[in-house]
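Numbering (numbering that gives the first Met the number 0), first residue to last: 0 to 256.
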Amino acid sequence: MSTLALILLFTAGSGALSALIAGGFLLLPELKRNALLPHLVSFATGALLGAALLALLPHALDNGGSAHGVGIALASGIVAFFVLEKMVLWRHCHVDACEAHGPTDHHRAKASATLILWGDAFHNTLDGVLITAAFLTDPHLGIVTTVAVFAHEIPQEVGDLAILLNGGMSRRRALLLNVAVSLSSVAGAVIAWFLLARALDVLPYALAVAAASFLYIAVADLIPGLHRRVDARTSVQQVALIALGVLIIGLSHEFAH
């Protein structure tokens, strides 16, 4: 199978599967859903940290990127994602209702539903770019990156579906739109394939930007939500699941080589 075919398979599969799992997750009773979601977020946090620090950044340095250049790309990426989030184009929701999206009336609910679709389409397109950059560097790195993307997509998709339903959409329409938006990652993958394949010298710095994306999501978006619960038992569970996410990514990357 060609590298492009692998990229399209993993990108489309990851996007569609995460959206479908999120749809099934919403079928669970609310109490069970609310109990499971924080555990998914903790694991996703570890997976993102592991992929960024144990896979993407080492590959960026090993594949010709200067330490200074990679550092600049990493810092620039974090600043860029901060600006995007400020513009409400990069807004994640990992709980059924959050302050950023919690609508106070019908019009705000519909506006939030529309906004989340556009924001998610942009985010998934960028995910496709990041997965392609990883695959072009090393197919094993591409798989590890896809796993990390998949891990954080599920809790995000659950939050997105909740916002769409709160905006007045039927379950069927919300699920179909969420799956369609998830597949925008394929467009990002195709665009990146034709751009990055012709500029291989840029790949190490594209990997650094990918690492910046994962680090920003984990540190700025997911971890603050985890800190809302401070009891000892929950804190131990969070640490254990974050460590498990890091460990699985680290082991999968190690075994792949």
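All C-beta atoms in this analysis are idealised placements derived from N, C-alpha and C, irrespective of residue type, glycine included.
Predicted model, so just to flag it, every value in this text is computed and none were measured.
Open item on the list: Less than 9 Å between the C-beta atoms of residue 224 and residue 187, yes or no?
Closed with: no
Open item on the list: I'd like the list of long-range same chain contacts for residue 46, defined as Cβ closer than 6 Å, with 5 residues on each side in sequence excluded.
Closed with: 147, 150, 244 and 248
Task: Meets three-Cβ-pair contact criterion under 8 Å: the segment 23-42 and the segment 214-233 - done: yes
Task: Top-ranked residue by Cα proximity to residue 196, from 132, 168, 25 and 156 - done: 132
Task: Cβ contact check for the segment 22-34 and the segment 213-229: 3 or more pairs under 8 Å - done: no
Task: Among 144, 160 and 202, nearest to residue 51 - alpha-carbon criterion - done: 144
TODO: Starting from residue 70, follow the alpha helix (DSSP H) in both directions and report where the run begins and ends.
DONE: 66-85
Open item on the list: Can you give me the C-alpha to C-alpha distance between residue 86 and residue 191, rounded to a whole angstrom?
Closed with: 24 Å
Task: C-alpha distance - residue 79 paired with residue 63, whole-angstrom precision - done: 23 Å
Task: Residue of 182, 56 and 20 minimising C-alpha distance to residue 210 - done: 56
Task: Same chain, Cβ closer than 7 Å to residue 15, neighbours up to 5 away in sequence not counted - done: 178, 181 and 182
Task: Cα-Cα separation, residue 237 to residue 61 - done: 32 Å
- [ ] With a threshold of 16 other CB atoms inside 10 Å of the CB of residue 193, please say whether the residue is buried or exposed.
- [x] exposed
Task: Sequence-distant residues of its chain with Cβ nearer than 6 Å to residue 58 (five each side left out) - done: 136, 140 and 206
TODO: Assign residue 130 to one of two classes, buried (16 or more other C-beta atoms within 10 Å of its C-beta) or exposed (fewer than that).
DONE: buried
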